[in-house]
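Same order as they appear, the protein sequences are chains F and U.
With the numbering used here applied, the first sequence covers 1 to 212.
With the numbering used here applied, the second sequence covers 213 to 432.
The structure under discussion appears below in the form of structure tokens.
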Amino acid sequence: MAEMVEGGGDSQHKGKKRAKKSSTRVDMTPMVDLAFLLLTFFVLTATFSKPKVMSLIYPAKIDPKDEKVDQPKINNAITFLLSKDKIYYYSGQFYPVDKPGPNGPTKLEVTNFGTNGVRKLLADGNKYVLSEKKIYNSQLKKKEIQDSTYLRHLLEAKKNKKALKVLIKSDDKATCKNFIDLIDELKIAEIGVIAPVELMPQENELIQSKIK
Amino acid sequence: MPKIKTPKGSPSIDMTPMVDLAFLLVTFFMLSASFRSSEPVDVDVPTSISDKIIPENVIVVTIDVKGRVFFNLAGEEARRELLESMANKYSAKMNKDQKDKFAFMSTFGCSMSELPAYLNLEANAQKKFPTLGIPCDSTKNELKDWISFGNRAALNSGKTAYVEAKNKGQKPNVNDFKPKFILRVDSKALYKDAQKVIDVFRDLNLNNLNFITSMELAPI
Chain F
1 MAEMVEGGGD SQHKGKKRAK KSSTRVDMTP MVDLAFLLLT FFVLTATFSK
51 PKVMSLIYPA KIDPKDEKVD QPKINNAITF LLSKDKIYYY SGQFYPVDKP
101 GPNGPTKLEV TNFGTNGVRK LLADGNKYVL SEKKIYNSQL KKKEIQDSTY
151 LRHLLEAKKN KKALKVLIKS DDKATCKNFI DLIDELKIAE IGVIAPVELM
201 PQENELIQSK IK
Chain U
213 MPKIKTPKGS PSIDMTPMVD LAFLLVTFFM LSASFRSSEP VDVDVPTSIS
263 DKIIPENVIV VTIDVKGRVF FNLAGEEARR ELLESMANKY SAKMNKDQKD
313 KFAFMSTFGC SMSELPAYLN LEANAQKKFP TLGIPCDSTK NELKDWISFG
363 NRAALNSGKT AYVEAKNKGQ KPNVNDFKPK FILRVDSKAL YKDAQKVIDV
413 FRDLNLNNLN FITSMELAPI
């Protein structure tokens, strides 16, 4: 792509020595190459390096002084007990062996992180919110409701009594990946109330006996 | 026979406008890019579907695979203020050089007694500094002080930024300038190690935490 010196071909060979008239134009190709290389580099790094965050609100710590705060009765709740790459769960309240509930003491169920495991479980449990969301989604598409109303309706649905509430407890072997993955599944299933709480010793015993 | 004349054009094209544009874009991306400062630990963050972009004015606590805790606060002014209050509390003596270095540094993880020695090192040596991270157990909870002083410093710098934005005639949202608390956990770290840090936050009544994650496509 070198520059052509225009019209100077013959005159140079006619004996007369002239000062060589160099072209005023510079070959810009290498510069352009470099410019585009840099451009590509910055474009790629700029778009890929933005980390994302997932926010999670932890329940406030209860002051040990006012011990006798009644734990609010939770209905329609599911408790996940995380261990290394495994999820155990039970629904409703926890009944220890010495104080069995109407269906006897609590038994743990086990599930996995796959699409057929926890995702299906949550989708079934949280049918109410998911179906509400579908309705609002179609309304939004037909422009019957505004964006803000859509968000408000969704929030209300998530707080509804029929919506599933989730408690998360994890044992000593659970990794952060397990925890984040589970939170992720909860967000996919549009769970509004997520409470990461401490594991009770009785629950830990149950997990350990399940692992064996 | 008449000759067929083909117009003799120069085979070279004028590239100037293209170069202009290329350099304009390069400059734009260069200026808008914020470089990731080198971190003393490599952390492989878990993935999630969340698409919330990391906010400004943050306090970042990093937990690596071994459960060591590292701390970072954004903003030079805030860092200076933070170091001042920490040095006061732990009566650590630091010279101006060390303070300057701290102000421009990013994540660090060492106890207050190790800090002056750590600050004297070069960036590469800092990576190899043998440390157990910031102590955060019940007997010696330095992390709690870093967070509470850091929160105060970040609130102050956020306030100045808010007033500045207001004077410029914008309508800033107060919540954008409040410090946010970010946890950067390694995906292989044990959750109980993260829980220790989370409990420190909760002790300070800071319950809204954010986890750094990399993007993953949401299922449809």
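Quick reminder that beta carbons are idealized off the backbone N, C-alpha and C, glycines included.
Nothing here was measured: the structure is a model prediction, and the numbers come from that model.
Does the CB of residue i have a neighbour CB from chain F at under 8 Å?
| i | result |
| --- | --- |
| Asp415 (chain U) | yes |
| Phe235 (chain U) | yes |
| Met427 (chain U) | yes |
| Leu182 (chain U) | Any answer about residue 182 (chain U) is impossible in this case: the structure gives chain U only from 213 up to 432. |
| Leu421 (chain U) | yes |
| Lys404 (chain U) | yes |
| Met317 (chain U) | no |
| Ile458 (chain U) | The structure shown does not extend to residue 458 (chain U), since chain U spans only 213 to 432, so no value can be given for it. |
| Phe241 (chain U) | yes |
Compare the C-beta of residue i against all C-beta atoms of chain U and say whether one is closer than 8 Å.
| i | result |
| --- | --- |
| Phe42 (chain F) | yes |
| Phe80 (chain F) | no |
| Met4 (chain F) | Summary for Met4 (chain F): the model assigns pLDDT 48, below 50, so the residue's position carries little reliability, and this model does not support an answer. |
| Tyr58 (chain F) | yes |
| Leu206 (chain F) | no |
| Ile188 (chain F) | yes |
| Ser22 (chain F) | no |
| Ser170 (chain F) | yes |
| Leu151 (chain F) | no |
| Leu140 (chain F) | no |
| Leu39 (chain F) | yes |
| Lys212 (chain F) | no |
| Ser11 (chain F) | In this prediction, Ser11 (chain F) has a pLDDT of 45, which is less than 50 and means its spatial position is unreliable; what the coordinates show is noted afterwards. With 8 Å as the cut-off, Ser11 (chain F) does not count as an interface residue toward chain U. |
| Met1 (chain F) | In this prediction, Met1 (chain F) has a pLDDT of 48, which is less than 50 and means its spatial position is unreliable; nothing more can be read from the coordinates. |
Looking only at its own chain, which residues have a Cβ that is under 7 Å from the Cβ of residue i, when we skip the five neighbours before and after it?
| i | result |
| --- | --- |
| Pro201 (chain F) | none |
| Tyr302 (chain U) | Met324 |
| Ala2 (chain F) | Caution is warranted here: a pLDDT of 49 is assigned to Ala2 (chain F), below 50, making its placement in the model unreliable, and the coordinate value is therefore given only provisionally. Here the set comprises Asp27. |
| Ala315 (chain U) | Glu288, Arg291, Arg292 |
| Val255 (chain U) | Thr274, Asp276, Arg396, Asp398 |
| Ile211 (chain F) | Ser83 |
Could you tell me which chain F residues have their CB closer than 7 Å to the CB of residue i, listed as they occur along the chain?
| i | result |
| --- | --- |
| Ile271 (chain U) | What Ile271 (chain U) touches in chain F: nothing, since even the nearest Cβ is about 13 Å away. |
| Met170 (chain U) | Because residue 170 (chain U) is not part of the residues shown, which for chain U are 213 to 432, the question remains open. |
| Ile424 (chain U) | Pro51, Val53 |
| Met227 (chain U) | Met28, Val32 |
What does a CB cutoff of less than 6 Å around residue i pick up in its chain, not counting 5 residues either side in sequence?
| i | result |
| --- | --- |
| Phe94 (chain F) | Thr106 |
| Asn417 (chain U) | none |
| Ala195 (chain F) | Pro59, Leu167 |
With which residues is residue i paired in a DSSP beta bridge?
| i | result |
| --- | --- |
| Gly370 (chain U) | Note: Gly370 (chain U) sits in no beta bridge, so no partner. |
| Thr111 (chain F) | F:Ile87 |
| Thr274 (chain U) | U:Phe282, U:Arg396 |
| Gly104 (chain F) | F:Gly101 |
| Ala195 (chain F) | F:Leu167 |
| Thr425 (chain U) | F:Lys52 |
| Ala77 (chain F) | F:Lys165 |
| Cys348 (chain U) | U:Asn353 |
| Ile265 (chain U) | F:Lys52 |
| Ile410 (chain U) | For Ile410 (chain U), which the question treats as bridged, DSSP gives no partner whatsoever. |
Using a Cβ-Cβ cutoff of less than 8 Å, which residues in the same chain neighbour residue i once the five nearest sequence positions on both sides are dropped?
| i | result |
| --- | --- |
| Ala304 (chain U) | Met298, Met324, Ser325, Leu327, Pro328 |
| Lys133 (chain F) | Leu154, Ala157, Glu190 |
| Leu355 (chain U) | Val273, Val281, Phe283, Ile346, Pro347, Cys348, Val409, Val412 |
| Leu130 (chain F) | Ala123, Ala189, Glu190 |
Closer than 8 Å by beta-carbon distance: list the chain F residues that pair up with residue i, in chain order.
| i | result |
| --- | --- |
| Ser399 (chain U) | Thr175, Cys176, Lys177, Ile180 |
| Val231 (chain U) | Met28, Met31, Val32, Ala35 |
| Val238 (chain U) | Ala35, Leu38, Leu39, Phe42 |
| Ile394 (chain U) | Val53 |
| Ile359 (chain U) | By Cβ distance, chain F contributes nothing, its closest Cβ being about 14 Å from Ile359 (chain U), past 8 Å. |
List the residues of chain F that residue i touches, going by C-beta distances under 9 Å, in chain order.
| i | result |
| --- | --- |
| Lys264 (chain U) | Lys52, Val53, Met54, Ser55 |
For residue i, which residues in chain U fall below 7 Å Cβ to Cβ?
| i | result |
| --- | --- |
| Asp184 (chain F) | Ser260, Ile261 |
List, in chain order, every chain U residue whose beta-carbon is nearer than 8 Å to that of residue i.
| i | result |
| --- | --- |
| Leu167 (chain F) | Going along chain U, no residue has its Cβ under 8 Å from Leu167 (chain F), so there is no contact; the nearest lies around 15 Å. |
At a CB-CB cut-off below 9 Å, which residues of chain U make contact with residue i?
| i | result |
| --- | --- |
| Lys61 (chain F) | Asp411, Arg414, Asp415, Asn417, Asn419 |
Closer than 8 Å, CB to CB, is residue i near chain B or not?
| i | result |
| --- | --- |
| Gln382 (chain U) | Protein chains F and U are contained in the structure displayed, whereas chain B is not. |
Hey, is the segment 333-350 of chain U in contact with the segment 362-376 of chain U, meaning 3+ C-beta pairs nearer than 8 Å? Between the segment 333-350 of chain U and the segment 362-376 of chain U there are fewer than three inter-stretch CB-CB distances shorter than 8 Å, so the stretches are not counted as touching.
When you compare the segment 186-198 of chain F with the segment 116-125 of chain F, are there three or more beta-carbon pairs, one atom per stretch, that lie closer than 8 Å? They touch, by the three-pair rule.
Could you tell me whether the segment 172-185 of chain F touches the segment 396-414 of chain U, using the rule of 3 or more Cβ pairs below 8 Å? With the cut-off at 8 Å, the segment 172-185 of chain F and the segment 396-414 of chain U touch.
If you pair each beta-carbon of the segment 348-358 of chain U with each one of the segment 226-244 of chain U, do three or more pairs fall below 8 Å? The segment 348-358 of chain U, when compared against the segment 226-244 of chain U, does not touch it at the 8 Å Cβ threshold.
If contact is defined by three or more beta carbon pairs under 8 Å, each pair taking one atom from either stretch, is the segment 375-384 of chain U in contact with the segment 235-243 of chain U? Touching, no.
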